[in-house]
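Q: Just so we're aligned, residue 0 is where the sequence shown starts under numbering that gives the first Met the number 0, counting upward by one.
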Amino acid sequence: MLENHWYILGAGAIGTLFACQFERANIRSTLLIRPGIRQNQASHAPPEETSKSIDVTFLDDSTQHFSIPIQPSIQSPITPLSESPSTPPIRQLILSTKAHQSQMAIDGIQSRLAEGAIIVVMQNGMGVAEQLQAQLPQCTIFVATTTEGAHRPTEKSLIHAGAGETWIGNLPLGDKKNGRLEAVTAQSIAKQWQRTALSIHYDHNITQRLWTKLAINCAINPLTVKYQCNNGALLTNPEALQLMKKVCQELQNIMTARGIHTHSDLFTTVKQVAKNTHSNISSMLQDHRNQKPTEIHFINGYVVNEGKALNIPTPVNQALALEITGNHTEIT
Ligand code: KPL
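1. Our contact map puts residue 157 next to residue 120 with C-beta atoms below 8 Å; I'd like the distance itself, whole angstroms only.
2. With burial defined as no fewer than 16 other Cβ atoms inside 10 Å of the residue's Cβ, what is the status of residue 300: buried or exposed?
3. Counting only the same chain and skipping the five closest in sequence on each side, list residues whose C-beta sits under 7 Å from that of residue 187.
4. Is any non-hydrogen atom of ligand 1 found closer than 7 Å to the C-beta of residue 101, if you look at the structure I gave you?
5. What did DSSP end up calling residue 200 once you bin it into helix, strand or coil?
6. What's the gap between the Cα of residue 110 and the Cα of residue 73?
7. Thinking just about the alpha-carbon of each residue, which of 159, 138 and 155 is nearest to the one in residue 177?
8. If you pair each beta-carbon of the region 224-241 with each one of the region 251-262, do three or more pairs fall below 8 Å?
9. Can you tell me the Cα-Cα spacing of residue 86 and residue 103, whole angstroms?
10. To the nearest angstrom, report how far apart residue 282 and residue 266 are at their CA atoms.
11. Can you find a heavy atom of ligand 2 that lies under 7 Å from the Cβ of residue 216?
12. Check whether the region 130-137 touches the region 18-34, counting contact only when three or more Cβ pairs, one atom from each stretch, lie closer than 8 Å.
13. Less than 8 Å separating the beta-carbons of residue 234 and residue 270?
14. Does the Cβ of residue 119 lie closer than 7 Å to at least one heavy atom of ligand 1?
15. How is the alpha helix (DSSP H) around residue 211 delimited, first residue to last?
16. Count the other C-beta atoms from every protein chain shown that fall within 10 angstroms of the C-beta of residue 312, then say buried if there are 16 or more, exposed otherwise.
17. DSSP three-state call for residue 126: helix, strand or coil?
18. Cβ of residue 272 versus every heavy atom of ligand 1: is any distance shorter than 7 Å?
19. Taking the continuous beta strand (DSSP E) assigned at residue 152, which residues delimit it?
20. Under the DSSP definition of a beta bridge, which residues are partnered with residue 135?
21. What alpha helix (DSSP H) runs, 4 residues minimum, are completely inside the region 255-328?
22. Closer than 6 Å by C-beta to residue 6: which residues in its own chain qualify, once you throw out the five before and the five after it? Chain order, please.
23. Taking Cβ to Cβ, would you say residue 302 is nearer than 8 Å to residue 249?
24. Starting from residue 27 and walking both ways along the beta strand (DSSP E), at which residues does that stretch end?
25. One question on the structure: do residue 315 and residue 246 come within less than 8 Å of each other, judged by their Cβ atoms?
26. From 54, 194 and 98, pick the residue whose C-alpha is nearest to that of residue 151; which is it?
27. By a C-beta neighbour count over all protein chains shown, 10 Å radius and 16 as the cutoff for buried, is residue 154 buried or exposed?
28. Hey, is the region 316-324 in contact with the region 287-299, meaning 3+ C-beta pairs nearer than 8 Å?
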């Protein structure tokens with residue numbers, strides 16, 4: 000039985016969008032945020048739950064003010080969070096950090112995770128859900144992938160820029176005896192989230208959807224960094240289009256070897272997404288421009304590792320991963 004309350008770890012655009020849409024649908028949410036330097040780390044008193052103010056501009060251009068409860072995302076070195084009355088155990092969590100921040104973020108709240116906690120991993124790239132399932136066998140890990148377009152022009156504002164779709168499912172991980180139960184839980188989560196204005200679906204074959212999203216990110220994100228352009232501009236650049244096609248072929252080879260089928264040709268799908276998101280600055284280009292680590296290791300890097308495991312060459316994904324990591328210091 001699901002509770003009507005989600006903790007959200009990763010208050011970026013997507014995490015914040017879900018928190019605000021939950022609030023509108025009377026689903027409680029709490030954003031887990033790194034405590035600011037103003038918070039008194041030395042105090043023995045449990046941190047008071049406060050809230051984050053945010054003005055959201057919706058798709059119809061209407062705006063609404065939200066005040067979302069927040070709690071610290073980092074365990075105090077003095078008082079374990081699990082013992083603090085203002086930081087009760089976490090039973091339902093959405094992990095919406097960048098892929099490379101997941102481990103540190105989870106470590107910060109691990110002591111608060113209840114036995115049997117549900118964690119929905121909703122981020123670009125692959126590999127984190129599997130890592131978490133191995134690290135937290137007492138929790139059940141689900142995955143969600145979304146094409147909602149949102150960005151935060153300032154710390155206190157959010158623009159819901161493009162309507163997308165969100166798919167949720169259970170990974171074929173661990174003890175298969177629980178597979179049926181996990182599928183039922185994933186369906187219940189989708190049903191609860193359908194109370195929001197977002198378009199939410201359960202997918203019994205989430206692996207295929209995650210790989211398709213991976214192909215989109217592999218073929219668009221690093222190329223927007225290479226050519227310093229928005230997504231749509233790749234479509235009028237013959238060199239970029241060639242690379243895009245090769246990236247898709249490498250992914251297709253791995254997917255075929257893994258028995259993951261796609262309904263349509265990957266290259267066609269990628270070009271369609273680049274067209275639909277024409278003026279978007281990809282998340283990787285944004286990170287690159289802001290001199291932040293990118294998610295390259297969980298996107299093209301993941302494909303390279305899969306290729307090695309299956310003995311399938313992935314030279315173009317590898318070259319792109321090297322090119323991006325060569326430009327900046329990356330977290331591995
Ligand atoms: O997911 C994206 C990203 O930027 O990370 C795409 C689909 C490429 C849209 O920009």
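We put the CB at the ideal spot given by N, CA and C, even for glycine.
A: Put simply:
1. 21 Å between Cβ atoms; not a contact.
2. buried
3. 1
4. no
5. strand
6. 10 Å
7. 138
8. no
9. 19 Å
10. 20 Å
11. Ligand 2 is absent from the structure shown, which contains only ligand 1.
12. no
13. yes
14. no
15. 205-225
16. exposed
17. coil
18. yes
19. 148-153
20. Answer is none; residue 135 lacks a bridge partner.
21. 265-275, 282-288, 299-309 and 314-326
22. 29, 31, 89 and 92
23. yes
24. 27-32
25. yes
26. 54
27. exposed
28. yes
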